[in-house]
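Numbering (our numbering) for the sequence shown: 13 to 322. Positions of the beta carbon are idealized from the N, C-alpha and C atoms, including for glycine. Every value quoted in this text rests on a predicted model; they were computed, and no experiment measured them.
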Amino acid sequence: MNRTYLDVNPEVNTALAAGKPVVALESTIISHGMPYPQNVETALHVEQLVRDNGAVPATIAILGGRLKAGLTPEEIAYLGQTGQAVTKASRRDLPVLVAKGMDGATTVTTTMMIAHMAGISIFATGGIGGVHRGAETSMDISADLEELANTPVMVVCAGAKSILDLGRTLEYLETHGVPVLGYQTKELPAFYTRQSGFELDYRIDSPAELAKVFQVQRDLGLKGGILVANPIPEQYAMDFHVINQAIDEAIAQSVKDGIHGKATTPYLLAKVKELTGGDSLASNIQLVYHNAKLAAQTACELCKLKEEKT
Ligand code: PSU
Ligand code: MN
């Protein structure tokens, strides 16, 4: 792995060198996923929760053309304040941003890539990108799915929003050999809700078991990552019909406004928030916290497994 363009911050570097647990966190959720100032508050609190659960947080971004694993609070605040003016960086953007010395907020795709370069195995976020509704004509399929197929990082999320075609998203992951593990559930959660109507094949009940599956995937020499679907806690979940109505309306508006390409996901996220009067933001924040805790616990278990081996 060529680390020429990579900066791992000192705390993360020390933890990795000592075989201590580290959790990667993405930055598009900060710049494009939530409004200021809640985005910065949430990102800082997520880092604290990772620490409280025994791991070191590494928020990932591209700053001045450097791939950063581990940001300072000032760098997090900068991304939050700059918001959508920061380039949303997917795999295809990476070489251009580095060559030009630009900034980029990392999506699930580029966070996985940089985490892997740095040697980080577990990553917590809110929701992943997937196959968009209408993809049979638009061909809009998030690069996140391709990255899960190729890069050995476990992504802990709350499922995917029904702004996506969840059935086709699962089909795509199946075709590409990505294990999708329900955490204490056998139903794919749909981000704001615990239900989606789509059944999963595997229910996993503890962080130790999650770590074991990841370790076996490595031992078998399989490429690609693992998707963990951790449902939003019941008390923060939204009403199924309220949220789905808002999503349908947001999609109809995006079609009218001619939104396409990388602008689609941020547009839909903002529209849904507007239509639900901010309720969706509160849920969004809570599910990210919930995922950060599970990721940190799993990272601790993975370190224990590695210690046992040596
Ligand atoms: N889904 C969410 N919140 C998000 C994203 C997706 O519920 O913030 C962000 C993530 O960074 C994800 C990216 O990787 O959007 C996917 O964008 P696209 O659909 O353009 O691949
Ligand atoms: Mn897309």
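Worksheet entry | Whole beta strand (DSSP E) elements within the region 53-118, 3-residue minimum | 68-75, 78-81, 99-101 and 116-118
Item to complete: Might you give, ordered along the chain, the residues of its own chain that have their beta carbon closer than 7 Å to the beta carbon of residue 281, omitting 5 neighbours on each side?
Response: 45
Practice prompt. Taking 8 Å as the threshold, find out whether the region 273-287 comes into contact with the region 184-199 through three or more Cβ pairs.
Written response: no
Discussion item. Measuring only from the beta carbon, is residue 32 closer than 7 Å to any heavy atom that is part of the ligand PSU?
Written reply: no
Worksheet item: If you follow the beta strand (DSSP E) that residue 192 is part of, which residue opens it and which one closes it?
Response: 192-195
Worksheet item: What number of angstroms, rounded off, separates the C-alpha of residue 227 from the C-alpha of residue 261?
Response: 42 Å
Practice prompt. Evaluate contact between the region 89-108 and the region 38-52, counting only Cβ atoms and requiring at least three cross-stretch pairs below 8 Å.
Written response: yes
Item to complete: Please report how far the alpha carbon of residue 160 lies from the alpha carbon of residue 49, in whole angstroms.
Response: 30 Å
Worksheet item: Which residues bound the beta strand (DSSP E) around residue 215?
Response: 214-216
Item to complete: Can you say whether residue 217 is buried or exposed, counting buried as having 16 or more other CB atoms within 10 angstroms of its CB?
Response: exposed
Worksheet item: By Cβ distance below 6 Å, which residues in the same chain neighbour residue 188 in space, the five residues on each side in sequence not counted?
Response: 161
Worksheet item: For the 8 Å Cβ check, are there 3 or more pairs between the region 50-65 and the region 118-126?
Response: no
Fill in: Cutoff 8 Å; reference residue 17; Cβ partners in own chain excluding five residues on either side
77, 78, 79 and 110
Worksheet item: Does the ligand PSU have a heavy atom nearer than 7 Å to the CB of residue 155?
Response: yes
Worksheet item: Which of helix, strand or coil does DSSP assign to residue 236?
Response: coil
Discussion item. From the DSSP secondary-structure annotation, give me the bridge partner or partners of residue 211.
Written reply: 199
Worksheet item: How do the region 225-243 and the region 264-280 stand: do at least 3 beta-carbon pairs fall below 8 Å, yes or no?
Response: no
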